[in-house]
Structure formats: C-alpha cells, structure tokens
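Asker: Let me give you the structure first, and then I'll get to my questions.
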Amino acid sequence: MTPIPGPIFLLALPLVAALVTYLVRRWEAAAAAVSALATASLALLCIRLPLDRSAFVLGQEVAFGRPVVLAGRTLMLDPAGQSWLAFLFALATLSFLLAWRLRQGHLFFSISFVILSLYVLVALLQTFSLAVLVLAMSATPGVFLIQGDRPGSVQGGQRYLLVTLLAVPLLLSAAWLVGQAQLAPENAEPALSAVEGMARQALLPAALGFGLLLAIFPFGTWMPALAADAPPMASAFLFTAGQAVAVFPALMFLHQATWLLHDPATLEVVQLAGLVTVIAGGLMAAVQRDFGRLFGYAALSDLGYLLLAFGMGGSQAVILALLHMANRSVPIVLMAACVAVLRNRTGSDAFSRLRGVARRLPIATAGLVIGGLALAGFPMTAGFATHWGISRAVASAHWSWALLLLASSGGIVIGLLRGLSSMLGEEPRDDVTRQPVVASVLIVIVAGLVIALGLYPQLYLPPIQRAVEAFALF
Amino acid sequence: MHVFSNLIAFLTGTPALIGLLVTALIIFLAADWRVALAALLVQYILVALALTGHVKLELVLVKLLTGALVTAILYLSARRIRDAGSSGPTEETGPRFFGLHLGWSAGPLGFPLRLLAALLVVLTTVRVFGHYRLTVVPMDLALMAFWMAGMGMLGLVLSGHPLRVAVAALTILAGFDLVYSTLEPSLALVGFVSAFYLLAALGFSYLTSVQTLASNGAGGEETPS
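Respectively, the protein sequence lines represent chains S and U.
Its first residue numbered 203, the first sequence is counted upward by one per residue in the working numbering.
Its first residue numbered 70, the second sequence is counted upward by one per residue in the working numbering.
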C-alpha cells in the first residue's frame, strides 16, 4: 500500500478536526477535548516522525518527508517547517485546553483549525509569494475568530484584516525585486551594480510589508485594539501562533536575500524598529485603564525584543530571536486566560470595575501578575533569559538603549501595579461569583510553566537550532 | 465579430485608463454605497481590459470573474443590512436621484474637502511621474496603479465603516494587480491572488454585517451611506 504523504496528512487532519468540532460545537467539553487531542497528536507526530523514511501511524503508513505536487506547486515538509508546526500545534493544544472553561465564541475551535490548516500550508509551500498569500488568506477566518459571538465593535478585526491585506502588495513586490536580482548573471560586471540596486529596492517594501504583518510600531496598533475587543484566547492565538507564522515567510525571504543579514545598515534599522516598538509598547502599557489593552501593549513591547535580536545579525542572534518567540507564547496565553476569567466573572476588565476582585479571584489575579511580569522580562519568569540576553547584547553596542529597554519594562510593571492596586481594594464584591475551578487549575499549570521556562529557558533550544540550520541563512 | 474585436482593442487603450482614473475618483467621492460598488465593478472590468494586451486571455477572464464575485459579495451583504431596516440618517434625509443618495457627506469629510484631498493625490502623482524611470512596467499602467493606490489610501484614512474601507482597500489591490499581473503572469499565482481577494471581500462583508447589527442594537450609530 502506498504511504500517505505527510503534507496531505498535515493539511487534512486539521480540516477534519474543524468539521468534527463544528458538529459538536454545542458541547464545549467535547469540542475542547477533540481539539486538544487532535493538536497534541499532530504536535507529537511533528516531533517524533522522521522525514527521511516512512512510519506507521495507527496502522497506516505515512511518509512525512515525501513531497506532494498540487496544481504544479510542490508541498514539502522540511526540518524548519517540522519544528514550526510542532510549536504551533503544541501552542494550539494549550489554547484549546484553556478555552474549554473560558468560552471564546461557539466557533472558536473549528475556526482555529481552519486557520491552523492555512498555517500548515504556509510551512509546506516552497514559494515565498504563495506562502505570503496563504498567510494573508488566514486573516479572514481570523476576523471570525476575533469577533467571536459579539455584535460589538469591529475595530480590532477590521484593523487586523486591513494590515494583513496591505502587507501583501508590498511583500509580493519585494519578492519580485529579489527574484529579478537573482536572475541577473552573476559574473557580468556592469550588471552587478544594477542587481545590487534592484535588491536594495526590495528593502523598503519588504520592511513595510513585514512591519505590517509582524505588527511593528507604528503598524502594531491592531494588537491593543484586538486585545480590547476580541475574546482573549483568540487574541492570544493570533499574537502567538499568528505572529510565529509571520516570522516563517520572513526567514524564507531572508533565505532568498541573505545579503540583508550581512548589511550593517539594514540590521541597524531592524534594531531601531525593535527599540521603538519596545518603548512604545512599554510607555503605553503604563497608562492603560483596562487589562485587555495592557495585555495588548505588553505583548507589543515584548515583540520588539524579537526584532532587537534579529538585528544583532548572525546565527546565534536568530536562535535567540526564535527562542524569545517561543518563550513569550506561554506568558501571553497565561495573561489572556486570566483576562478571560476577569471578563467572564465581572463582565469587564477595566481597572475601575475590578475593585476588590482580587479577593474573589486570587488565582486569575496572580496569573495576570506572573504573565505580565514575564512579558516585562522579570527574573524567574519565561521572559527573563531572552530579555537579559538581548539587552546585554544591545548594551554592548549602545548602553543608552539598555536603559530605555529597562524603562519600557518598568512601564509594563507600572501598568500592572495600577491594575493590581485597584483589584486589591477593600470593597466587598459579592456580585462576583467564585473563581472557576477547572480554569483556575489550568491557569496554575500554565503559570507553573512560565516559571519553569524562567528556570530552564533552553527547553525549546534543540528544535529551534534545527530550524535555524534548516533555513541555512549563514 | 470584427467590429466587436475592434471595439475591445480600442477600449483596452486610453479609454480603459481614463475609466480607471474616473472610477477611482468616484469610489472616493461617492456618498451612496451603490454608486461606490458599481464603480468598483466597472473598475475591475477596466483593469481586465487594460491587461488584455499584456497577459493571457484566460488570466484576464479569471480577474474579471474575481472582480464580479468580490463586488457581488459586498453588494449582497450591504443589501441585506439595508433590507434589515438599517439605513442611516444620511440616506433617510439627503436628496435623491433615481433612488441614489446625492448627499455630500461620506465619512468624516464633506465633499469640498474630499475633492481637495483628491487634488493633492493628483499633484503627488504628477510630481512622482515627472521622473518615472522604471522600464519593466509600461508607464500608463504604473501611472494608473499609483493613482488608484493613492485614492485607495485616502479612502482608507477617511473611512471608518467596513464597507467603505473594503472598497478603498480593494481599489489599492486592483491598482497593484494592474502592475503585478504584467510582471508575474503565472496561473497558480493569479489563482491564489483571486482566492485572497475573495476571502478579503468575505471578511469585510462579515464585518459590515456585524457593525450594522451592533449599530442597530445601539440605536444606529453609523451605516454605510
């Protein structure tokens, strides 16, 4: 019997899971169980199955590394895609488990699977332009996820759709320019400057396009808008899985234009964009009046570190950036789950309406503090090791930047303290029901994971190193 | 048949480009959503006509079909919310001609200011194309693409309602398509781009419905006009 090619298996399973979870959408426990089981199995398969030979899965032979040609395009799982998908599916498992007791809209599970199948396609496509288009297509189901069951504000969803949409022409133009530069004959001396010129022309659309996709300041305003409007776990899904998938085409692009990684001016600009993002997020976090927006700005500020790491140049810097991307996911999910508990129990996450809530919801309050501190890079939390590593490297070149990074972390902590002081008020809150047991247990586990990652930050290092080697950027 | 092909050949030249100039302007200035959507449909037809000399006919047909479907998706959702009884204050009170709203307000700026903003785009376009050097894209197509992108950006900046934002964003994408199709005429890519446009239209259509539902619940804050 012919083994099933891995790409077909990886694309079909999320779509089947989307259908099943749609059918059982009224029974949230069943939908959450099916979703978590499906994504956990897929994550396990991505980690365990070899790419160079076939293996048996439930009695069926699967050739994970075998390429498939669809409509003239090759779909193939390479080691980089394998690591990426393992991370995405593991992250989705965590989100689905938390969404079990924290209602995120009755189509949360099925739409998330549709988005996941598109993300799988991004990792399988070997062409940058098509990967960008598929990633942009995922914004539409993303809008459905963001709105959840709310007929309220559409600002978050609209901004998210718009920035993704506007990134497409820019990135396709950049890809075309880089492609033209590669087509030019290498040894033709007079053509060399023209080739370089064309490749340099690609820099501006690429920077703007990835700026939009990755929500770099000033294009990142959709993040706080999303965090304020959307169901928190949906926001967390797009801040973590969505942005991780956006990094994948960025690395594909760099693979085609490796000269960018050796150009000091480009790296300096990337670092500057990262610094501005960190500072803007931190400053804005300090003055927020609700936990939703505070969460959005803290996540935005933390995203800036990713750019700071990329801007350092070299393979170690890319590894550090990707390690930061993986480590930040857990505190983001934790904070989102806690905001969801607050909204679920009090109907709001505004500081003014949370007076005295800490006594009724101590675990959600503690989770918010731990998640927020991790996003600020506090010691003993998941964010510390990479924040420290990146800040040290930045300080060696510009010591004043390190002070700005510290001030930005201070901004997130100030925002958290303002919210916490409101929650710790003496007012009796008999209107707030007691904390949800299952959700609280899950929050404790995720908070434990945030602290564990603070103690063992290298937990994800081996698959990340494999992914960076597979991209062959250096 | 010969007359028909001659007519098409004539239309693919300057008339198509002038048409694109006018439709982008109408999309930006029109107060009535039906006029804006009709202009968008005409714009897609004109883009297809302008591309006939540069790409294969089957690709042109795919683009034409995509444009028609995109407009239909947006029209159906706008029509549905109107049928649900959520027409806005501007539509109720403004002057009408053949049932179309002729009021001057569309978004936060009145007609004179929008016209002034459009004039700024004209000046920018003239300034930029005074020094046009790119040889890979014909100048007329590049000029129209720039104009459409400019008008679309203005529309995005000055609009809040999802339907108006959708039309502005799709104008930008149509302008980009005008140039990109001549550079990358691969069928697979055109297919993916078309699927992307359709999904984008679906997303905006959903947001339009949700926004209107919310407005109805809150006593009608903002509706497409």
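All residues carry an ideal CB built from backbone N, CA and C; glycine is no exception.
Only a predicted model underlies this, so the values are computations on that prediction, with no experimental measurement involved.
Please state whether DSSP places A552(S) in a helix, a strand or coil.
Answerer: Note: A552(S) maps to strand in three-state DSSP.
Asker: Would the beta-carbon of M213(U) fall within 8 Å of that of L94(U)?
Answerer: No; because the gap between Cβ atoms is not below 8 Å, this pair is not in contact.
Asker: When you compare the CB positions of A436(S) and G350(S), do they come within less than 8 Å of one another, or not?
Answerer: A contact, by the Cβ cut-off of 8 Å.
Asker: Helix, strand or coil for I418(S)? Go by DSSP, reduced to three states.
Answerer: Correct three-state label for I418(S): coil.
Asker: Could you work out which residues of chain U lie near L318(S), taking near to mean beta carbons separated by less than 8 Å?
Answerer: What L318(S) touches in chain U: nothing, since even the nearest Cβ is about 16 Å away.
Asker: Run through chain S and tell me which residues come within less than 7 Å of L253(U), C-beta to C-beta.
Answerer: Checking the sequence shown, residue 253(U) turns out to be Glu, not Leu. What E253(U) touches in chain S: W378.
Asker: Of all the options A283(U), F198(U), L256(U) and D246(U), which has the alpha carbon lying nearest to the alpha carbon of L89(U)?
Answerer: Closest by alpha carbon: D246(U).
Asker: Over the uninterrupted alpha helix (DSSP H) stretch that includes F180(U), give me the two end residues.
Answerer: Counting along the chain, the alpha helix (DSSP H) containing F180(U) begins and ends at F180 to F198.
Asker: For L485(S) versus S593(S), is the C-beta spacing smaller than 8 Å?
Answerer: Against a cut-off of 8 Å, the Cβ pair of S593(S) and L485(S) comes out as no contact.
Asker: Where do the N-terminal and C-terminal ends of the beta strand (DSSP E) with T276(S) fall, by residue?
Answerer: R275 to L277 is the extent of the beta strand (DSSP E) around T276(S).
Asker: Given V571(S), which residues of its chain have a CB within under 7 Å of its CB, disregarding the five upstream and five downstream residues?
Answerer: These residues qualify, in order along the chain: L618 and L622.
Asker: Count the other CB atoms within 10 Å of the CB of Q384(S); is the residue buried (16 or more) or exposed (fewer)?
Answerer: It counts as exposed.
Asker: Going by C-alpha distance, which of M582(S), D492(S) and G506(S) is nearest L544(S)?
Answerer: It is D492(S).
Asker: Could you round the C-beta distance between V264(S) and F211(S) to whole angstroms and report it? I think they count as a contact, below 8 Å.
Answerer: Sure, about 6 Å apart at Cβ, within 8 Å.
Asker: Closest by CA to L505(S), which one among A427(S), A235(S) and F441(S)?
Answerer: That would be F441(S), whose Cα lies nearest to the Cα of L505(S).
Asker: Against chain S, with Cβ distances strictly below 8 Å, would Y275(U) count as a contact?
Answerer: So, interface residue.
Asker: List in chain order: all unbroken beta strand (DSSP E) runs of 3+ residues lying wholly within the region 219 to 262 of chain S.
Answerer: Those beta strand (DSSP E) runs which fall completely within the region 219 to 262 of chain S and span 3+ residues are 257 to 259.
Asker: H526(S) and Y499(S) - do their beta-carbons sit closer together than 8 Å?
Answerer: Not in contact: Y499(S) and H526(S) (Cβ atoms no closer than 8 Å).
Asker: Buried or exposed: which applies to Y658(S), given that a residue is buried once 16 or more other Cβ atoms fall within 10 Å of its Cβ?
Answerer: Y658(S) should be labelled exposed.
Asker: In the DSSP assignment, the alpha helix (DSSP H) including V322(S) goes from what residue to what residue?
Answerer: That run of the alpha helix (DSSP H) goes F310 to L326.
Asker: Rounded to whole angstroms, how far is the Cβ of G569(S) from the Cβ of P630(S), which I believe are closer than 8 Å?
Answerer: Contact doesn't hold; Cβ gap of about 23 Å is too wide.
Asker: Nearest to I313(S) by CA position, among Q667(S), V259(S) and R227(S), is which residue?
Answerer: With distances taken between Cα atoms, I313(S) lies closest to R227(S).
Asker: Check whether the Cβ of P659(S) lies closer than 7 Å to any heavy atom of the ligand FMN, and answer yes or no.
Answerer: Looking for the ligand FMN in the displayed structure turns up nothing, as the structure carries no ligands at all.
Asker: Would you mind reading off the limits of the beta strand (DSSP E) that contains V634(S)?
Answerer: It is not in any beta strand (DSSP E) - V634(S) carries neither H nor E in the DSSP assignment.
Asker: Tell me P207(S)'s beta-bridge partners as DSSP assigns them.
Answerer: According to DSSP, P207(S) bridges with A265(S).
Asker: Spatial neighbours of A283(U) within its chain, please: C-beta separation below 6 Å, excluding the five flanking residues on both sides.
Answerer: Result list for A283(U): empty, nothing under 6 Å.
Asker: Could you compute how far the alpha carbon of G157(U) sits from the alpha carbon of R148(U)?
Answerer: Confidence in G157(U) is poor, its pLDDT being 44 and thus under 50, which makes the residue's placement too unreliable to answer from.
Asker: When you compare the CB positions of Q284(S) and L309(S), do they come within less than 8 Å of one another, or not?
Answerer: Taking 8 Å as the Cβ cut-off, Q284(S) and L309(S) do not qualify as a contacting pair.
Asker: Under three-state DSSP, which class holds V615(S)?
Answerer: In the structure shown, V615(S) sits in a helix (DSSP, three-state: H, G or I).
Asker: Could you name each continuous alpha helix (DSSP H) segment of 4 residues or more that falls completely within the region 526 to 585 of chain S, going from the start of the chain to the end?
Answerer: Counting only runs of 4 or more, we get 559 to 562 and 564 to 578.
Asker: With a cut-off of 8 Å, does the C-beta of P209(S) fall near any C-beta of chain U?
Answerer: By this cut-off, P209(S) is not an interface position.
Asker: Could you tell me whether the Cβ of L223(S) comes closer than 8 Å to any Cβ of chain U?
Answerer: The sequence as given places Thr at residue 223(S); Leu does not occur at that position. No, because no Cβ of chain U sits closer than 8 Å to the Cβ of T223(S).
Asker: Which two residues bound the contiguous beta strand (DSSP E) that contains L661(S)?
Answerer: Looking at the DSSP string, L661(S) is not in any beta strand (DSSP E), and its letter there is neither H nor E.
Asker: Quick one: does A654(S) have its CB under 8 Å from some CB of chain U?
Answerer: No, A654(S) lies away from the interface with chain U (no Cβ there is under 8 Å from its Cβ).
Asker: Just checking: is the beta-carbon of F421(S) within a distance shorter than 8 Å of some beta-carbon in chain U?
Answerer: Output row for F421(S): interface = no.
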